[in-house]
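Step one of this worksheet: look at the structure below.
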Amino acid sequence: MKNAFFVGMILLIMVSSACKSAREANIEKAKKIAVSQVYLDGMEYLLNGNYSSARDYFEVIIDNATNTEYFPYAKLAYADALFFDISKGPIEAMPEYKSFIVYFPKHKETPYAQFMVAMCYFVQINGPDRDQTYVDNAIEEFEKLKTNYPGSYYAKMADRYIDYCYYIKAQHEYLIGVFYYKVKGYRAAASRFEGLIKNYDSKYYNREKTYYYYARSLMFETKFDEAARYYRKLLKEFPNTIYRDSVKDDLNYIESGKAEKELKERKKKFEEKMRKKLEKLIKKQKAKKHKKKKAESKK
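Under this note's numbering, the first residue of the sequence shown is numbered 1, with each subsequent residue one higher.
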């Protein structure tokens with residue numbers, strides 16, 4: 001086992017040394033040629049997927065040619081070489097894109113840098129059943145792109161990504177609403193469905209299912225008039241709905257007055273139960289007080 005460990009360590013050191021030597025060789029080679037050629041070679045590496053070598057070449061320009069026209073392009077390409085490298089990715093690339101925006105707020109490539117900041121969040125979105133932080137951040141950065149660079153090509157692309165983000169957010173709200181409904185948390189469920197209907201464009205969620213679950217949640221919360229309104233809305237917009245029979249039964253239950261009648265009866269029974277419980281408690285307290293008074297009189 002010890003021999004295997006030492007062999008592994010030696011191999012790791014050899015690989016590390018080889019990577020370091022390759023990087024040093026790239027840098028030394030790049031320093032001996034014209035800046036324009038360094039940039040072109042770096043771009044060739046980038047386009048061919050050799051991201052590590054691309055970063056080596058762009059780094060030479062970033063460290064040694066800040067006053068040349070290639071500096072901003074190398075800085076941006078360096079960020080790309082991080083973003084598209086699966087071993088690095090958006091987390092390491094994002095600060096570089098943001099740095100470009102700070103350095104070059106008026107550069108013609110700045111809209112692209114802002115677009116890529118948004119994409120760094122966008123590509124990390126996992127789905128409607130996960131935390132929505134990346135979705136919110138992506139929307140914020142895409143909106144910033146539209147606000148700060150409205151005439152750019154990338155600003156025109158932003159809406160399709162924003163649409164997807166809102167679709168994910170709407171699905172997230174719907175799934176939470178259904179969860180609360182299934183565990184009989186009808187008030188919380190109704191709140192989620194209400195927010196979904198009020199705050200999101202209908203293209204982002206399934207109106208048929210949302211109306212149904214919202215109306216059912218309202219009915220269980222004894223908000224019968226509002227429940228009936230959404231049941232009617234559901235039947236009007238989706239006359240062939242899969243919930244048709246259930247909706248008609250619930251509407252009949254509400255419109256016949258049976259729902260209100262049963263609610264009053266439940267309230268009456270509850271009040272009667274509480275009255276009896278209170279009377280029992282008062283009687284118990286009186287008996288306790290009388291017992292205590294009797295005990296004190298014997299002393």
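By construction, the Cβ of each residue, glycine as well, lies at the ideal position given by its N, Cα and C atoms.
CB of residue i within 9 Å of CB of residue j, strictly
i: Leu145; j: Tyr134; result: no
i: Tyr243; j: Glu194; result: no
i: Arg79; j: Ala54; result: At residue 79 the sequence reads Ala, which differs from the Arg that was named. No, Cβ-Cβ distance for Ala79 and Ala54 is not below 9 Å.
i: His107; j: Phe115; result: no
i: Val35; j: Ile61; result: yes
i: Ala113; j: Lys98; result: yes
i: Ala190; j: Ser217; result: yes
CA-to-CA distance, residue j to residue i, given in whole angstroms
i: Asp182; j: Lys156; result: What sits at residue 182 in the sequence shown is Lys, not Asp. Each residue's Cα considered, the two are about 41 Å apart.
i: Leu281; j: Glu265; result: 24 Å
i: Thr110; j: Arg192; result: 39 Å
i: Ala287; j: Glu262; result: 37 Å
i: Glu173; j: Asp159; result: 21 Å
i: Asn199; j: Tyr205; result: 11 Å
i: Glu221; j: Arg275; result: 24 Å
i: Met219; j: Tyr253; result: 10 Å
i: Gln285; j: Lys293; result: 12 Å
i: Phe58; j: Ser52; result: 10 Å
i: Phe179; j: Cys165; result: 21 Å
i: Glu255; j: Ile197; result: 24 Å
i: Phe224; j: Leu76; result: 59 Å
i: Gln171; j: Tyr214; result: 15 Å
Identity of the residue in the options nearest residue i by Cα
i: Lys203; options: Lys169, Lys233, Ala215; result: Lys169
i: Ala228; options: Lys286, Thr210, Val247; result: Val247
i: Glu143; options: Glu221, Asp163, Ile125; result: Asp163
i: Asp85; options: Val178, Asp225, Asp159, Leu47; result: Leu47
i: Asn137; options: Val117, Asp63, Asn148, Leu234; result: Val117
i: Gly177; options: Tyr167, Asn148, Thr210; result: Thr210
i: Phe104; options: Phe83, Val123, Glu69, Met119; result: Glu69
Interface flag, residue i vs chain C, CB-CB below 9 Å
i: Val178; result: In the structure shown, chain C does not exist; there is a single protein chain.
Q | Length-filtered (4 minimum) alpha helix (DSSP H) runs lying within the segment 168 to 209 | A | 186 to 199
Q | Any 3 or more C-beta pairs closer than 8 Å across the segment 125 to 133 and the segment 77 to 94 | A | no
Q: Entirely within the segment 49 to 134 and at least 4 residues each: give me those alpha helix (DSSP H) ranges in chain order.
A: 51 to 64, 70 to 83, 90 to 103, 110 to 122
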